[in-house]
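Structure first, commentary second.
Protein chains: 2
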Amino acid sequence: MKLRQLRYFVAVARERNFSRAAEILHIAQPPLSRQIQQLEEELGVNLLDRSKRPLSLTEAGRYLYEQSAKMLAKIDHIREQTRRIGRSQRERFIIGCVGSTLYGGIPDLVRRMRVQWPELDIEIREMMSTEQVTALKEGRIDVGFGRVRFNDREVERLTLREERLVVAFPKGHPKSLSKEPIALAELQGEPLIVYPSVPRPSFADEILNLLSELSVTPASVEEVREIQAALGMVAAGVGLCIIPAASQRQRPDDVCYRMIEDEKATSPIIMSFRRVDANGRIDQIKQLIREMYADNPPWLQLSNVRLGAS
Amino acid sequence: MKLRQLRYFVAVARERNFSRAAEILHIAQPPLSRQIQQLEEELGVNLLDRSKRPLSLTEAGRYLYEQSAKMLAKIDHIREQTRRIGRSQRERFIIGCVGSTLYGGIPDLVRRMRVQWPELDIEIREMMSTEQVTALKEGRIDVGFGRVRFNDREVERLTLREERLVVAFPKGHPKSLSKEPIALAELQGEPLIVYPSVPRPSFADEILNLLSELSVTPASVEEVREIQAALGMVAAGVGLCIIPAASQRQRPDDVCYRMIEDEKATSPIIMSFRRVDANGRIDQIKQLIREMYADNPPWLQLSNVRLGAS
DNA sequence: CCCTACTATACCTCCAGGGTATGAAATTCG
DNA sequence: CGAATTTCATACCCTGGAGGTATAGTAGGG
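Taken in order, these protein sequences are the chains called E and F.
The opening position of the first sequence corresponds to residue 2 in this note's numbering, with each subsequent residue numbered one higher.
The opening position of the second sequence corresponds to residue 2 in this note's numbering, with each subsequent residue numbered one higher.
This is how it looks when you write it as structure tokens:
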């Protein structure tokens, strides 16, 4: 599959006419026909229904058209961005973080970093904890904020704080009536929903480990891809779900939350960075985080801070 | 820019070594060097710092690596999906809708459609109202649910209901203390945030039109790309924002909402479809929507239903 | 300073992709 | 309904570009 073929196919799909598409592409019609045939052959799929005019797309063709058009636009964007970055010569600093930290300290930290280093282009990429390790080693990100502990020779990690967990109930569930903290033991025999399903190990495994340590066995375990889906299923009454306390602002009108009583029921926020640049900006970031924690922002209420004062 | 070049570049960026990358790609090293050079030349950007070993990526190279790797993975996915769809021969029905309808009737409607047509693969694509018109004409979607009225010869539209609007205040704003409905006139001289910034015309323009009809002029108008960003700025105290009532479940702990008093302060939910297949499944979808409205779900409370009984 | 490892350059070969001519099928119109 | 027209597929040729080999140039380690 080549970009050329996709570009050609998009033109044909848009025009529903080979000859006009060929004109637009500034090539003759026969080579265009051939490229489309080759594409169909490689995929082993008919993309066009040629039996009557105007041409129509098959289901597979419709899908490929839709996706390819999006992708080609994205490639143009990547090309322009690459040129722009190449010209600007500005240094970039990229933060990788799990979604839940965006409800916590990341926005505030980025604000402080922009003040500290106005000449730096700071960007954020949402990614799973596992992905952060390889992204760090490959240089795709410069620091990571995740929830799962990993050991890697090249990557150093630092636990910033331990965030308390809460249980999400569907509105009206008998155990959701009390607002008091709940013991994990009470989840015995309840259907449970965990996330994310890929990649493993993940927050899902931390939760399952926590429960098995306490000998709590759910009636069933359903895995979903992300927290929104998990809370959607909770709201639909499929089961319960355990999430970090800071994420409980979501879906307030059809999901109820109760803090978990057990002291050990926490999930860490872990900062990871390459050992080789441990003494560059990383030290100053640690300092910014200490200052931020010292200001005691609202999302920090439900955490035990680990990062010591300097 | 060819896919081949991007694949090659990703390999080099990953290995930080031309020779090893060439081995992995099963080609000799000189052609690889040449492809990378051509890529750099086309972009007018240095992607690699070759002055010392091991090679390192420039900022532009780092960006291109990160983006290309993602994209190549996506292309593989598209190829496989296209094959799968081609083999399965199942009919697909694709719904395009604006994000806010996902908090409203779309999930319920999809559920009803799956019951009605179990043999159909139903998919959802989030897209702006404007985009729905072209997506319909190009066959990328089969029905659209949006908020902006468009006239197009090939597309028929049907107003399902008019949803009431609410004003979002930062917590603690003096006007947020009352829970009573607020008159739009009270927004005179307040800084306003609207979304989405692109493409126009959009919900942002509907809001601005509504205000100018009532001769209400905000102190300032800030445009942001999406509702999450808008509410983030509201929470940060940058200004106020007008959103559909169904979206007010977001950010309950740092944003307050007040219903708008004015009867005209509504935003429609508009269903669009191709005239040519107006009598296919579309009629049955209208029927399903009527049934759904008849069940009077909670998200419908704040709307005036337009779609008449059959 | 020399050796090793690695990348760039020069030059050759061959095929993929484009062009033209033309046949085959669907559509339109008298 | 049949002729004219439009449109896509097939056959064949030709050129540019992608890959290969040989070798020169350069960085890094002992």
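The beta-carbon is built from N, C-alpha and C at its ideal position, and this holds for glycine as well.
Using a Cβ-Cβ cut-off of 8 Å, state whether residue i counts as contacting chain F.
i, result
"E/ALA29", "no"
"E/TYR64", "yes"
"E/ASN47", "yes"
"E/LYS180", "no"
"E/LYS75", "yes"
"E/ASP296", "no"
"E/VAL58", "Per the sequence shown, residue 58 of chain E should be read as Leu rather than Val. For E/LEU58, the answer is yes, since a Cβ of chain F falls inside 8 Å of its Cβ."
"E/ARG115", "no"
"E/ALA61", "yes"
"E/MET293", "no"
"E/ILE125", "no"
"E/GLN68", "yes"
"E/ARG154", "no"
"E/MET129", "no"
Does the beta-carbon distance from residue i to residue j come in below 8 Å?
i, j, result
"F/LYS180", "F/VAL156", "no"
"F/TYR9", "F/LEU48", "no"
"F/ILE142", "F/ARG126", "yes"
"E/ALA246", "E/LEU303", "yes"
"F/ILE123", "F/ILE96", "yes"
"E/LEU185", "E/ALA266", "yes"
"E/ARG162", "E/VAL306", "yes"
"F/GLN117", "F/GLN285", "yes"
"E/PRO192", "E/PRO219", "yes"
"F/SER273", "F/SER101", "no"
"F/THR160", "F/PRO269", "yes"
"E/LYS71", "F/MET72", "no"
"F/ALA12", "F/LEU58", "no"
"E/PHE94", "E/ARG276", "no"
"F/GLY271", "F/VAL235", "The residue you asked about is not Gly; residue 271 of chain F is Ile in the sequence shown. In this structure, F/VAL235 does not lie closer than 8 Å to F/ILE271 by Cβ."
"F/GLY106", "F/MET293", "yes"
Hey, residue i and residue j are a contact pair by Cβ (cut 8 Å); roughly how many whole angstroms apart?
i, j, result
"F/GLU92", "F/LEU121", "6 Å"
"E/LYS166", "E/ILE261", "The amino acid occupying residue 166 of chain E in the given sequence is Leu; Lys does not appear at that position. Correct: roughly 5 Å between the Cβ atoms."
"E/LEU289", "E/ARG113", "5 Å"
"E/CYS98", "E/GLY140", "About 17 Å separates the two Cβ atoms, so there is no contact after all."
Between residue i and the rest of its own chain, which residues show a CB-CB distance below 6 Å, the 5 nearest in sequence each way excluded?
i, result
"E/ARG5", "none"
"E/SER20", "GLN30"
"F/GLN36", "GLN6, TYR9"
"F/ASN18", "none"
"F/ILE243", "LEU166, VAL168, ILE208"
Leaving out the 5 sequence neighbours to the left and right, which residues in its chain are closer than 8 Å to residue i when beta-carbon positions are compared?
i, result
"F/SER198", "ALA205, GLU224, VAL225, ARG226"
"E/GLU16", "ALA22, ILE25"
"F/MET2", "LEU40, GLU43, LEU44"
"F/ALA230", "TYR196"
"F/GLY190", "THR218, PRO219, ALA220"
"E/ASP263", "ALA184, LEU185, LEU215"
"E/PRO175", "none"
Counting contacts by CB-CB distance shorter than 8 Å, is residue i in contact with chain E?
i, result
"F/PRO253", "yes"
"F/ASN18", "no"
"F/GLU42", "no"
"F/LYS3", "yes"
"F/GLY105", "no"
"F/GLN82", "yes"
"F/SER311", "Here F/SER311 scores only 49 on pLDDT, less than 50, and its place in the model should not be relied on; the value that follows carries that caveat. With 8 Å as the cut-off, F/SER311 does not count as an interface residue toward chain E."
"F/MET234", "no"
"F/GLN288", "no"
"F/ARG141", "yes"
"F/GLU92", "yes"
Among the residues of its own chain, which have a CB less than 7 Å from the CB of residue i, if the five just before and after it don't count?
i, result
"F/ALA295", "none"
"F/GLY62", "ALA14, LEU48, LEU49"
"E/GLN133", "GLY97, ILE142, GLY145, GLY147, SER273"
Is the number of C-beta pairs between the stretch 81-100 of chain F and the stretch 39-49 of chain E that are closer than 8 Å three or more?
Judged by Cβ distances under 8 Å, the stretch 81-100 of chain F makes contact with the stretch 39-49 of chain E, as three or more pairs qualify.
Take every Cβ of the stretch 205-214 of chain E, pair it with every Cβ of the stretch 226-236 of chain E, and state whether three or more of those distances are shorter than 8 Å.
Look at the beta carbons and you see the stretch 205-214 of chain E not touching the stretch 226-236 of chain E: under three pairs across the two are nearer than 8 Å.
Evaluate the contact criterion for the stretch 250-262 of chain E versus the stretch 167-174 of chain E: three or more CB pairs, one atom per stretch, below 8 Å.
A contact exists between the stretch 250-262 of chain E and the stretch 167-174 of chain E.
Could you tell me whether the stretch 140-160 of chain E touches the stretch 233-240 of chain E, using the rule of 3 or more Cβ pairs below 8 Å?
Between the stretch 140-160 of chain E and the stretch 233-240 of chain E there are fewer than three inter-stretch CB-CB distances shorter than 8 Å, so the stretches are not counted as touching.
Could you check whether the stretch 67-76 of chain F touches the stretch 16-30 of chain E, counting it as contact only if at least three pairs of C-beta atoms, one from each stretch, sit closer than 8 Å?
No: fewer than three Cβ pairs fall under 8 Å.
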